[in-house]
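Numbering-wise (this note's numbering), the sequence shown opens with residue -10 and increments by one. Some notes on the structure that comes next.
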Amino acid sequence: MSAVSHLPRLWAFVTMLAIVAALAVVVGAVFLATRPAGSLTATAAESDLPDLAGLAPLAGPPTVEPTPAPSAAPVTPATGGPGITLTPPRLLVISQTGLPQQTKEDISQLKHVEKIDSFDGGAIRISGAGLNLLAVDPARFRAWAPKAVAEQPRVWSALAQGEFVADSSAVRRFGLVLGSEYQVDGGPRLRVAASASFGLPGVDGLVGMETGRRLGLLPGVALLVHGPEKAATTLNAGVRRLLGSGAQVVTVGGGRTARAAADKSAADRPATAKTTAKATAKATAKQPRAARQVAVGRPGSYLDLYRRSAAVCPGLSWTVLAAIGQVESSHGRNNGPSSAGAQGPMQFMPATWKAYGVDGDGDGVADIWSPYDAVPSAANYLCANGAGQGGKKLEKAIWFYNHSWSYVSKVMSISQGYARAYP
-10 MSAVSHLPRL WAFVTMLAIV AALAVVVGAV FLATRPAGSL TATAAESDLP DLAGLAPLAG
50 PPTVEPTPAP SAAPVTPATG GPGITLTPPR LLVISQTGLP QQTKEDISQL KHVEKIDSFD
110 GGAIRISGAG LNLLAVDPAR FRAWAPKAVA EQPRVWSALA QGEFVADSSA VRRFGLVLGS
170 EYQVDGGPRL RVAASASFGL PGVDGLVGME TGRRLGLLPG VALLVHGPEK AATTLNAGVR
230 RLLGSGAQVV TVGGGRTARA AADKSAADRP ATAKTTAKAT AKATAKQPRA ARQVAVGRPG
290 SYLDLYRRSA AVCPGLSWTV LAAIGQVESS HGRNNGPSSA GAQGPMQFMP ATWKAYGVDG
350 DGDGVADIWS PYDAVPSAAN YLCANGAGQG GKKLEKAIWF YNHSWSYVSK VMSISQGYAR
410 AYP
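So this is what it looks like as structure tokens:
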């Protein structure tokens, strides 16, 4: 399932990042939202909680015009375009240090090598999980992308604006939400502006060169090599002869040679990485599919709405939904949109709503602004992340709702307060 899981120690080059502690990598890691030490036992006082039984939901968008978000910065036009000459990579080389110029020249002179280019790379950590990134110049890297990706201006504009473009597999594996910002451990915040399938084993996403410098990625440690696909095996052998023992070479592409390399990667991978990949695939397969219609009707109070909506996810307490509703919008009294673009009483990002939004009142429309749709949709999203299993799974599901452990603590506290107020 994961590109990382098919890579046999490709990203071993980041072991030297032990010198730079903030950039340690976890090979084959899944996105484990590891809760910090300490329990979530604090609870909100009942006196601080609004009367849910007397609070009526109001359907529809806010009647008062929301404060407009700050004007977006002008989009920097991305250079290149659909007419550029694509040079799909046949090899991805990862070195422990930047390759010497002479070595790159020697590689470029090998038989069948038609083009090479080097990029910065390394690993970052978000909530303890490692992501492998390349830092690229969009104008140069665009020719290395698959045709469908090269033709997406938003990808290249996002990179030019210093934002993070995640590989599609990383979005699924890590539960990343487009448009959301994530705090890099010991570093800046990254906004996930777009996603695309780059087809580079072990690479979880791209950033621009300036962003890469801010993240501390290592200069020139990644090299892409282009040549005829049928010569991939010869290219691989020739490049390996020119590299030191610390470099890794992986065949890229969808041909038989690439599949054979992928199979070998799986065989060479440590047992722990295999186990993790299998466990991740198994857990993903068990996740409920997003329902499009549920039946909660139009109850007259938020109390009844939360209780009915919790039935969408067996095992989920209605008090968790109520706590999220209070934190996100004070039960529909501050529906946004937020500065990040979240909308409605449960503050969904439009992209997440598209995947998990449901029609709760049976009017044929899944309306992000309607509490009758938004609250059961929140239950649907939480359930897809394992909330119905309770315990650590519940905490992790709430973390996926808003990537912050202080948020999880606050929601759990308010939830326990509601449980006491409405036994």
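By construction, the Cβ of each residue, glycine as well, lies at the ideal position given by its N, Cα and C atoms.
So what's residue i in DSSP terms, helix, strand or just coil?
| i | result |
| --- | --- |
| Thr76 | coil |
| Lys93 | helix |
| Asp414 | Outside the displayed range of the chain (-10 to 412) lies residue 414, so it cannot be described from this structure. |
| Asn391 | coil |
| Asn369 | helix |
| Gln378 | helix |
| Ser107 | strand |
| Pro208 | strand |
| Leu148 | helix |
| Leu44 | coil |
| Ala112 | strand |
| Val364 | helix |
| Ala355 | coil |
| Leu38 | coil |
| Leu383 | helix |
| Thr68 | Because Thr68 sits at a pLDDT of 35, beneath the cut-off of 50, its placement in the model cannot be relied upon, and the point is left open. |
| Ile83 | strand |
| Pro59 | Because the pLDDT at Pro59 is just 42, under 50, the model does not fix this residue reliably, and the value given afterwards should be weighed accordingly. Pro59 falls in the coil class under three-state DSSP. |
Under DSSP, the beta strand (DSSP E) around residue i begins and ends at which residues?
| i | result |
| --- | --- |
| Thr240 | Gln237 to Thr240 |
| Phe130 | That residue, Phe130, is in no beta strand (DSSP E); its alpha helix (DSSP H) goes Pro127 to Phe130. |
| Ser398 | No beta strand (DSSP E) contains Ser398, which is instead part of the alpha helix (DSSP H) from Trp394 to Ala410. |
| Leu228 | Before going further, note that residue 228 is Val rather than Leu in the sequence given. Premise fails: Val228 lies in the alpha helix (DSSP H), Ala221 to Leu231, not in any beta strand (DSSP E). |
| Leu195 | Gly194 to Gly197 |
Excluding the 5 residues flanking residue i on each side, which residues of the same chain have their C-beta closer than 6 Å to its C-beta?
| i | result |
| --- | --- |
| Val166 | Met338 and Thr341 |
| Leu414 | Outside the shown range of the chain, which is -10 to 412, sits residue 414, and nothing can be said about it. |
| Leu383 | Ala376 |
| Val397 | Glu384, Ile387 and Trp388 |
| Ala22 | Residue placement at Ala22 is poorly supported in this model, since its pLDDT is 43, which falls under 50; the coordinates still yield a value, given next. Counting only Cβ-Cβ distances below 6 Å, and skipping sequence neighbours, we find Ser116, Lys385 and Trp388. |
| Ser395 | none |
| Gln172 | Arg178 |
| Asp193 | Leu120, Asn121, Asp156 and Ala159 |
Considering only residues of the same chain and omitting the five flanking positions on each side of residue i, which have a CB-CB separation below 8 Å?
| i | result |
| --- | --- |
| Leu294 | Pro46, Val285, Pro288, Pro360, Tyr361 and Val364 |
| Val301 | Ala280, Val283, Val285, Val347, Pro365, Ala368, Asn369 and Cys372 |
| Gln315 | Leu38, Pro39 and Ile403 |
| Gln378 | Gly304 |
| Val354 | Asp348 and Asp362 |
| Val138 | Val144, Ala185, Ser186 and Phe187 |
| Ser169 | Arg180, Val181, Ala329, Met338 and His392 |
Leaving aside the five residues before and after residue i along the sequence, list all residues of the same chain whose C-beta is less than 7 Å from its C-beta, in chain order.
| i | result |
| --- | --- |
| Gly209 | Gly87, Leu88, Ser107 and Asp109 |
| Tyr407 | Leu38, Thr308, Ala311 and Ala312 |
| Thr74 | Ala132 |
| Ser393 | none |
| Ala299 | Leu305, Ser306, Trp307, Leu310 and Ala368 |
| Gly151 | Gly197, Glu199 and Thr200 |
| Gly491 | Nothing can be reported for residue 491: it is not among the residues displayed for the chain, which extend from -10 to 412. |
| Pro412 | none |
Within the continuous alpha helix (DSSP H) that includes residue i, where are the two ends?
| i | result |
| --- | --- |
| Val138 | Lys136 to Ala139 |
Uninterrupted alpha helix (DSSP H) stretches inside the segment 270 to 344 (no shorter than 4 residues): For the segment 270 to 344, whole alpha helix (DSSP H) runs of length 4 or above, ordered along the chain, are 291 to 299 and 307 to 318.
Contact between the segment 368 to 387 and the segment 197 to 214 (3+ Cβ pairs under 8 Å): As far as the Cβ criterion goes, the segment 368 to 387 does not touch the segment 197 to 214, which means the pair count is below three.
Inter-stretch contact at 8 Å, needing at least 3 Cβ pairs: the segment 158 to 171 / the segment 83 to 103: With a cut-off of 8 Å, the segment 83 to 103 and the segment 158 to 171 do not count as touching, because too few Cβ pairs lie within range.
Cβ contact check for the segment 176 to 186 and the segment 401 to 408: 3 or more pairs under 8 Å: When C-beta atoms of the segment 176 to 186 are compared with those of the segment 401 to 408, fewer than three pairs fall below 8 Å, so the two segments do not count as touching.
At least three beta-carbon pairs within less than 8 Å, the segment 115 to 126 to the segment 226 to 246: Contact check between the segment 115 to 126 and the segment 226 to 246: fewer than three CB pairs, one atom from each, fall below 8 Å, which does not count as touching.
At least 3 beta-carbon pairs within less than 8 Å: the segment 213 to 221 vs the segment 137 to 148: No, because fewer than three Cβ pairs between the segment 213 to 221 and the segment 137 to 148 fall closer than 8 Å, the two stretches do not touch.
Minimum length 4: unbroken alpha helix (DSSP H) runs contained in the segment 150 to 200: Those alpha helix (DSSP H) runs which fall completely within the segment 150 to 200 and span 4+ residues are 157 to 163.
At least three beta-carbon pairs within less than 8 Å, the segment 183 to 193 to the segment 130 to 137: In short, these stretches touch, since the Cβ pair count reaches three.
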